[in-house]
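Worksheet: one structure, shown below.
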Amino acid sequence: MTSSTSTADTTPAPGITSPAGTSASRFPARRDRRDLTALRRILPLLRVDASRVLVAVVCGTIALGSAVGLAAASAWLIARASEMPPVMHLGVAVVAVRALGISRGVFRYLERLSSHEVALRGVVDLRTNVYRILALGHPEATAGMRRGDVLARVGADVDAVGDVVVRALVPTAVAVVVSAGTVGLVAAFSPAAAGILTLALLLAGIGAPALAAAAARRSELAGVQARADVAAASMLILDGATELRVSGRLAAAVADLRRAQVRVAATQDAAARPAALAQGLGVLATGLAVVGAMLVGIPATTAGTLAPVELAVVVLTPLAAFEAAAALPAAALQVIRSGGAARRLVDLLDRAGAWPTGGDDASVVAATPARASVAGDRTTTRASADAGATPTPASAPRASATARPASAVDPTVVATGLACGYPGHPPVLTGLDLRLEPGHAVVVVGPSGIGKTTLLLTLAGLLEPVAGEVRIGGTVGGEHASATVAVTAEDAHVFATTVLENLRVARGDVTPGQATEALTRAGLGDLLDRLPDGLDTMLGPDATTLSGGERRRLLLARALLHPAPLMLLDEPGEHLDPATADALIADILSVGRERGVLVVTHRLAGLDRADQVIDLGARDIGPSPKAPVNGHTGDMETLEAGRRP
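Next up, the structure:
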């Protein structure tokens, strides 16, 4: 982890503030409307199958209806048996009790099976659509965000939105149907008792959820930033534990994490009291329904208008009816959580600038051109996706509906009068002209922090130029960037999977033969021979089983497998010893030359194979390392010596 990464991990995203500091937090009703509006907008991305939801509701209704019927049948059976009738008069009730007891368990299982299938399928579709929208949209949507914030949104927030079906919509529908049926059953024996039961169910079904929603709202308002801080602090420690320990900042980072965890616990404790009151209100409503049924049922029995056996049914049946209503406070809490998560997702996706076309399939369209992508820490492509298609990591680029075929795209990147920088900040460099094409090797050198990575991101179409223009694939705006440019970030990630699957990040259809060839060209042929399972050897998290040089060469092999004709590599020799870094850069300039390669580095040695070296530190450009650059001739060591004070 570099210092720039640490800074990114502690800087809030543009346009994202703590909820406590927003106007919405001062006006809860306005915020609730925003949350519900966002939830309605995001639900189509779940692509929920209405028939499956209906099956879940029907199964849940039968399950809880069986519980109500079981309570009623049991009450009747016990009361009737106390009158000592012939056993044959109880046979139907005994069979009904058995059948209802079995059906309750069976249909509860079927309801859980169908509702969770809906939820899990919905989460998969939502997460896929979120990734697709981010891939098609403006890179600035996530460029300034902490990794923990991004992780929280595409992880926990997506899960929270997906849970709204199984934890809110289905239980609410089941509760309404079962409550109405129970009131109808009691009304058949005593309309007065049914009226009392209705009022009690309204108290449990409206009052208790309202208290639960208030508790959830307080927790959501105060806890969202704390949870994001926990995620960001955790990512910072996990990614940079070694660097933090060396710099003496590990203890401070751990202390920040603990403080964030304390804030999360405090918000949960603050919301516990109204949540407990909501649960207590449900119990109170149950007691009121039973007592009310007794108060109206006993006089009716005394008057002879209600049989003693029926009194037992009227009094005991409401106990089961409130099982459905008891789920409503949790459903209200889930709606609040899902609404807040949906609002954060919608804010993120709105900044990305690509959104569904509407309709049943919620297909995503590109509101902005396809772009080459660094995606924070891996080589990917950003291309228009076919409607309903499931994207794969960095699969072969698909052309947009208006794009020319890949063979017709001009495989060049041309910068004219380029000035680049991050939005809202002054440009880091100006007046740059550059052309990159297949067979051409360009190296950008300069000290850390001078703007090398900013230049690379601008050339890839990931940042808009401050001035001048960048033509990628012959067009301004990056329409053909995904078919033209592949970017490998300095911190490109190596996944804890096989060597082959790590290479397939660049192109999903890579064969073992192609993978072997790429590894050999990247200088890993000997390593491949030593691996116990060859291409199927499992790598540790972020390639901890490889040396630094082997890891970088694996990333080079991944870049070589990418179908784009131009490669842009950011600091490929970072964190390597000088000899290994120089050899790696030399190999990159050699094996990538048949395509077109631009390498960003702060090293000046080993660049004799480059066609052009751009020295941002001197702001002079030479056609080759052997030509005059900054008043010097000869190799890069001479140039490096000339730049020393």
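Under full-length UniProt numbering, the residue at position 220 of the sequence shown is numbered 220, and the numbers go up by one with no gaps.
Beta carbons: idealized from backbone N, C-alpha and C, even for Gly.
Remember, it's a predicted structure, so these values are computed and weren't measured experimentally.
- State yes or no: is the C-beta of I42 within less than 8 Å of the C-beta of A352? no
| request: Mind reading off the beta-carbon distance from A325 to R167? Whole number of angstroms is fine, and I expect it under 8 Å. | output: The pair is not a contact, with the Cβ atoms about 15 Å apart (cut-off 8 Å).
**Prompt:** What do you reckon, are the CB atoms on L316 and A63 nearer than 8 Å?
**Reply:** Contact flag unset, no.
### Message
Under DSSP, the alpha helix (DSSP H) around I585 begins and ends at which residues?
### Response
578-591
Original post:
Which ranges would you report for the alpha helix (DSSP H) in the stretch 165-253 if only whole runs of at least 4 residues count?
Top reply: Fully enclosed alpha helix (DSSP H) runs of 4 or longer: 170-187, 191-202, 208-247.
ask   = Going along the chain, which residues of its own chain have a beta-carbon closer than 6 Å to the beta-carbon of L434, five neighbours each way excluded?
value = Only A415 meet the Cβ criterion.
Open item on the list: Using only the alpha-carbon positions, how far apart do H562 and H602 sit?
Closed with: 25 Å
- request: Assign D410 to one of three DSSP states: helix, strand, or coil.
  value: DSSP places D410 outside both helix and strand once states are collapsed to three, so it counts as coil.
* For L288, which of V597, L185, L77, L199 has the nearest alpha-carbon? -> L199
Is the beta carbon of V118 sitting closer than 8 Å to the one on V53?
yes
Q. From V505 to V445, what distance separates their C-alpha atoms?
A. 28 Å
| task | Return helix, strand or coil for G162, following the three-state DSSP convention. | result | helix
Discussion item. Between the alpha carbons of L281 and L203, how many angstroms are there, rounded?
Written reply: 8 Å
**Report entry** DSSP three-state assignment for G431, whether helix, strand or coil
**Finding:** strand
In the DSSP assignment, find the unbroken alpha helix (DSSP H) run with E437 in it and report its ends. Where E437 is concerned, there is no enclosing alpha helix (DSSP H), given that its DSSP letter is neither H nor E.
- Where does T488 fall in DSSP's three states? T488 falls in the strand class under three-state DSSP.
message = Is the separation between the beta-carbon of V494 and that of L535 shorter than 8 Å?
response = No, the Cβ-Cβ distance between V494 and L535 is not below 8 Å.
**Asked** Applying the criterion that 16 or more other CB atoms from any shown protein chain within 10 Å of the CB defines a buried residue, is I102 buried or exposed?
**Response** exposed
Q: Under the assumption that A152 contacts A233 (Cβ atoms under 8 Å), give the Cβ distance between them as a whole number of angstroms.
A: Not confirmed; about 12 Å, so no contact.
Query raised in the report: Can you name the start and end residues of the alpha helix (DSSP H) that G525 belongs to?
Result: 525-530
Can you find the residues in the same chain that come closer than 7 Å, C-beta to C-beta, to A226, ignoring five residues on each side of it along the sequence? A260, R263, V264, T267
- Query: I think R595 touches L566, with their Cβ atoms under 8 Å apart; what is that distance to the nearest whole Å?
  - Reply: 6 Å
Task: Counterpart residues of Q612 in DSSP-defined beta bridges - done: Looking at the DSSP assignment, Q612 forms a beta bridge with V442.
*Please name the residue, chosen from Q612, A192, A160, V186, that lies closest to H440 on a Cα-to-Cα basis.*
Q612
Check: What is the C-beta distance between L39 and A342, in whole angstroms, given that I count them as a contact (C-beta under 8 Å)?
Finding: 4 Å
Quiz item: Terminal residues of the continuous beta strand (DSSP E) containing E469?
Solution: 467-472
- Verify whether the separation of the beta carbon atoms of V158 and A320 is less than 8 Å. no
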